[in-house]
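Student: This is the structure I have questions about; it appears just below.
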Amino acid sequence: MANTKERFKEKADGVAAEIKDILKEHGSKKIGEVTLSQIYQGMRGITGLVTETSLLDAQEGIRFRGFSIPELQQKLPKANGGTEPLPEGLFHLMLLGELPTEEDVHDITANWQRRSHVPNHVFAAIEALPKDSHPMTQFVIAIMALQTESKFADRYAKGMAKKDYWEAVFDDSMDLIARLPRVAAYIYRRKYKDEDHIHPDGLLDWAGNFAHMLGYEDETFRELMRLYMTIHADHEGGNVSAHTTHLVGSALSDPYLCLAAGMNGLAGPLHGLANQEVIKWILEMREELGVELPSSAQIDAYVRKTLSEGRVVPGYGHAVLRKTDPRFSAQMAFGKRHLPDDPLVQTVWNIYETVPPILQSLGKIKNPWPNVDAHSGALLVHYGLVEYEFYTVLFGVSRALGVLASLCWDRALGFPLERPKSVTTELVKDWLKGEGEIWGE
Ligand code: CMX
5 MANTKERFKE
15 KADGVAAEIK
25 DILKEHGSKK
35 IGEVTLSQIY
45 QGMRGITGLV
55 TETSLLDAQE
65 GIRFRGFSIP
75 ELQQKLPKAN
85 GGTEPLPEGL
95 FHLMLLGELP
105 TEEDVHDITA
115 NWQRRSHVPN
125 HVFAAIEALP
135 KDSHPMTQFV
145 IAIMALQTES
155 KFADRYAKGM
165 AKKDYWEAVF
175 DDSMDLIARL
185 PRVAAYIYRR
195 KYKDEDHIHP
205 DGLLDWAGNF
215 AHMLGYEDET
225 FRELMRLYMT
235 IHADHEGGNV
245 SAHTTHLVGS
255 ALSDPYLCLA
265 AGMNGLAGPL
275 HGLANQEVIK
285 WILEMREELG
295 VELPSSAQID
305 AYVRKTLSEG
315 RVVPGYGHAV
325 LRKTDPRFSA
335 QMAFGKRHLP
345 DDPLVQTVWN
355 IYETVPPILQ
365 SLGKIKNPWP
375 NVDAHSGALL
385 VHYGLVEYEF
395 YTVLFGVSRA
405 LGVLASLCWD
415 RALGFPLERP
425 KSVTTELVKD
435 WLKGEGEIWG
445 E
């Protein structure tokens, strides 16, 4: 059977030919109009990107190549005796657009194991940072240090032809995904576990091995990591981490540079850092109230206090979703199955009962429902992973799967430099008076 790289190239060539035909026949067709509000307000609702790996529906949530999260939990291969999908299978699906066989998934696990060596200078770069640097800072620096290994950068410097870009990006993406768990675990053990590092276990799958290197041997925790790494991987193309990775890639920056840029975006509190903010906020609430399981009335009062201080309620709201995030629901189902009596997990569920009506009553918040970050921390705390500043790194390791699969598509489809037009408010005012033109009309 052809390997993943050859199968990807074959798929991508087919899609590239289809796009050529679509654009030849329909290239001038309009897909919408852009309002002034949209250009001032974060470009919400402007369709301006093509991302093949997943599609987000406001009501239904994410689908990866057409499959919802419950469908993936059913259809993707699992670890021996496990019930959660292996992220290797999701990567295969995102990259090739086909459900993988067990053999496909084993091939990817073996491929990533072969590519997983992390050079010493990367650990030295992490060690050069103060231990109290935020784990996301250490993570991004480590990715940048790894950039010495970029095959894309090396081949480009030697005059690589455009038709070969996809292959170098594919190799860099596979190498990066293979190496990230080791790098992330190193940061974790360095900062929180007295530098007591754990060697990889070559018999484990990618997420299972990650859990092992972090120092968690509980089989249910490994299952949680498999689920976590699957559901955080991709959320179509417009979110900050995906869009940034794609944008930087359009300048032909190599995948290491692109991923580091995307991870800097993920580290923002309105995006991936929200997972640490959620648990911090809940722990602060419990401490302030002096109770382990706050009542609905206490949660209600605490939420109102947070809002009155001009802060957001972390883990709630979304720029696109208008319903409970299915990634939240998947974690809730995991909690109900494995740890229904945990007070912190129960608090997350009580917050879910209390917060949406309050946010709804404010009138201005478009989505009062929880997103992925509202739940993840409580599950991790249950298994002892209490160091919440590390949570966004976990998100980042998973997100690499989606954004790098997309980057392979970007180069295989030959997408050009991304360069939208911007305007000034002076120009907008002139245009409104009928005196200037907004370019593109
Ligand atoms: N708490 C308080 N206010 C909120 C809010 C929340 N959870 N969600 C939105 N709002 C506010 C916005 O700040 C905005 O206020 P102003 O008009 O005063 O500026 C108003 O409601 C309208 O915002 P919106 O159109 O509903 O939401 P946006 O698309 O602008 O923002 C998001 C989306 C996620 C940034 C926002 O809901 C938020 O800040 N949530 C909390 C942070 C969070 O959980 N982020 C994680 C998102 C998932 C992820 O990427 O990982």
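Take the sequence shown: its letters are residues 5 to 445, numbered as in our numbering. All C-beta atoms, glycine included, are put in the ideal place defined by N, C-alpha and C.
So, helix, strand or coil for PHE71, using DSSP?
Tutor: Residue numbering aside, residue 71 sits at position 67 when the sequence shown is read from its first letter. In the structure shown, PHE71 sits in a strand (DSSP, three-state: E or B).
Student: Does GLU445 come out as helix, strand or coil in the three-state DSSP assignment?
Tutor: Working through the sequence shown from its first residue, we reach residue 445 at position 441. Residue placement at GLU445 is flagged as unreliable, the pLDDT there being 46, under the threshold of 50; a coordinate-derived value is accordingly withheld.
Student: Tell me whether ALA271 is buried or exposed, calling it buried when 16 or more other Cβ atoms sit within 10 Å of its Cβ.
Tutor: Residue 271 sits at position 267 when you count from the first residue of the sequence shown. Burial call: buried.
Student: Could you check whether ALA211 and PRO91 sit closer than 8 Å to each other, using their CB atoms as the reference points?
Tutor: By 1-based counting over the sequence shown, the position of residue 91 is 87. By 1-based counting over the sequence shown, the position of residue 211 is 207. Contact flag set, yes.
Student: Determine the burial state of VAL407: buried for a count of at least 16 other Cβ atoms within 10 Å of its Cβ, exposed for fewer.
Tutor: Taking the first residue of the sequence shown as position 1, residue 407 is located at position 403. Looking at its Cβ environment, which holds 16 or more other Cβ atoms inside 10 Å, VAL407 is buried.
Student: Measure the Cβ-Cβ separation of GLY319 and ALA246 and say whether it is below 8 Å.
Tutor: Here residue 319 refers to the residue found at position 315 of the sequence shown. Here residue 246 refers to the residue found at position 242 of the sequence shown. Cβ distance not < 8 Å, so GLY319 and ALA246 don't count as in contact.
Student: Taking 7 Å as the cut-off, is the beta-carbon of ALA237 closer than that to any non-hydrogen atom of the ligand CMX?
Tutor: Residue mapping note: residue 237 aligns to position 233 of the sequence shown, counting from 1. Every heavy atom of the ligand CMX is 7 Å or more from the Cβ of ALA237, so no.
Student: At which residue ranges does the stretch 324 to 395 contain complete alpha helix (DSSP H) runs of 4 or more residues, listed in the order of the chain?
Tutor: DSSP runs (the alpha helix (DSSP H)) wholly in the stretch 324 to 395: 330 to 342, 347 to 366 and 377 to 386.
Student: Could you tell me the distance, in whole angstroms, from the CA atom of ALA237 to the CA atom of ASN375?
Tutor: As a first step, residue 237 is located in the sequence shown; it is residue number 233 there, counting from the start. As a first step, residue 375 is located in the sequence shown; it is residue number 371 there, counting from the start. Looking at the two C-alpha atoms, the distance is approximately 14 Å.
Student: Should the stretch 162 to 172 be called in touch with the stretch 66 to 81, which here means at least 3 C-beta pairs below 8 Å?
Tutor: Verdict: no, contact absent.
Student: Buried or exposed: which applies to SER154, given that a residue is buried once 16 or more other Cβ atoms fall within 10 Å of its Cβ?
Tutor: Residue mapping note: residue 154 aligns to position 150 of the sequence shown, counting from 1. Buried, by the Cβ-count rule.
Student: What does the Cβ neighbour count give for ASP446, buried or exposed, with the cut at 16 atoms within 10 Å?
Tutor: Outside the displayed range of the chain (5 to 445) lies residue 446, so it cannot be described from this structure.
Student: On the premise that ARG331 lies in contact with ILE73, defined as a C-beta separation below 8 Å, what is that separation, rounded to the nearest angstrom?
Tutor: Translated into the one-based positions of the sequence shown, residue 73 becomes position 69. Translated into the one-based positions of the sequence shown, residue 331 becomes position 327. With a Cβ gap of about 7 Å, ILE73 and ARG331 count as contacting.
Student: Along the chain, where does the alpha helix (DSSP H) that runs through SER300 open and close?
Tutor: For the purposes of this step, residue 300 is taken as residue 296 along the sequence shown, with counting starting at 1. 300 to 312 is the span of the alpha helix (DSSP H), which, as asked, contains SER300.
Student: Classify VAL427 as helix, strand or coil using the three-state DSSP reduction.
Tutor: As a position in the sequence shown, residue 427 is number 423, starting the count at 1. Residue state, collapsed to three classes: coil.
Student: Find the nearest neighbour of PHE174 within the set GLN364, ASN7 and PHE394, judged by alpha-carbon distance.
Tutor: For this step, residue 174 is matched to residue 170 along the sequence shown. When each option's Cα is compared against that of PHE174, the closest is ASN7.
Student: Leaving aside the five residues before and after ARG48 along the sequence, list all residues of the same chain whose C-beta is less than 7 Å from its C-beta, in chain order.
Tutor: Here residue 48 refers to the residue found at position 44 of the sequence shown. Excluding residues within five positions, the ones whose Cβ falls inside 7 Å are GLN42 and ALA323.
Student: Strictly by DSSP, which residues pair up with PRO89?
Tutor: Here residue 89 corresponds to residue number 85 of the sequence shown, with the count starting at 1. Note: PRO89 sits in a beta bridge opposite LYS82.
Student: In angstroms with no decimal places, state the Cα-to-Cα distance between LEU40 and LEU27.
Tutor: Here the question's residue 40 lines up with position 36 in the sequence shown. Here the question's residue 27 lines up with position 23 in the sequence shown. If I take the Cα positions, the gap works out to 27 Å.
Student: Of all the options SER58, VAL19, VAL282 and VAL187, which has the alpha carbon lying nearest to the alpha carbon of THR234?
Tutor: The sequence position of residue 234 within the sequence shown is 230, counting from 1. Checked all of SER58, VAL19, VAL282 and VAL187; the closest Cα to THR234 is SER58.
Student: So, at 8 Å on beta carbons, what are the nonlocal neighbours of VAL187 in its own chain, with the 5 sequence-adjacent residues on each side left out?
Tutor: If you number the sequence shown from 1, residue 187 lands on position 183. Excluding sequence neighbours, VAL187 sits near VAL122, VAL126, ILE130, PHE143, ALA146, ILE147 and LEU150.
Student: If the criterion is Cβ atoms closer than 8 Å, does the pair PRO185 and GLU393 meet it?
Tutor: Working through the sequence shown from its first residue, we reach residue 185 at position 181. Working through the sequence shown from its first residue, we reach residue 393 at position 389. In this structure, GLU393 does not lie closer than 8 Å to PRO185 by Cβ.
Student: Assuming LYS82 contacts LYS135 under a Cβ cut-off of 8 Å, what Cβ separation, rounded to an integer in Å, is found between them?
Tutor: Along the sequence shown, read from residue 1 onward, the residue named residue 82 stands at position 78. Along the sequence shown, read from residue 1 onward, the residue named residue 135 stands at position 131. Not a contact, Cβ separation roughly 37 Å.
Student: Could you tell me if the beta carbon of PRO318 falls within a distance shorter than 7 Å of some heavy atom in the ligand CMX?
Tutor: Mapped onto the sequence shown, residue 318 falls at position 314. For the ligand CMX, at least one heavy atom lies less than 7 Å from the Cβ of PRO318.
Student: Please go through the same chain and pick out, in chain order, the residues whose beta-carbon is closer than 8 Å to the beta-carbon of GLY388, but skip the five residues on each side of it.
Tutor: Your numbering for residue 388 matches position 384 in the sequence shown. So the qualifying residues of the chain are TYR220.
Student: Would PHE12 and LEU100 be called neighbours here (beta carbons separated by less than 8 Å)?
Tutor: In the sequence shown, counting from the first residue as 1, residue 12 sits at position 8. In the sequence shown, counting from the first residue as 1, residue 100 sits at position 96. Yes, Cβ-Cβ distance for PHE12 and LEU100 is below 8 Å.
Student: Could you compute how far the alpha carbon of GLU288 sits from the alpha carbon of LEU274?
Tutor: Within the sequence shown, the letter at position 284 stands for residue 288. Within the sequence shown, the letter at position 270 stands for residue 274. Cα-Cα distance, rounded: 19 Å.
Student: Could you pull out every residue in the same chain whose Cβ sits closer than 8 Å to the Cβ of THR152, ignoring the five residues on either side in sequence?
Tutor: The residue you call residue 152 lines up with position 148 of the sequence shown. Excluding sequence neighbours, THR152 sits near PRO123 and HIS125.
Student: Please give me, in chain order, every unbroken run of the beta strand (DSSP E) with length at least 3 that falls completely inside the stretch 13 to 69.
Tutor: You should have 58 to 61 and 65 to 68.
Student: Using CA coordinates, which residue listed in ASP209, VAL244, LEU256 and ILE112 is at the minimum distance from ASP2?
Tutor: With the chain represented from 5 up to 445, any question about residue 2 goes unanswered, as that position is not in the structure.
Student: Can you tell me which of GLY438, LEU421, ASP346 and ILE442 puts its alpha carbon nearest to the alpha carbon of VAL427?
Tutor: Here residue 427 refers to the residue found at position 423 when the sequence shown is read from its first residue. Cα-wise, what sits closest to VAL427 is ILE442.
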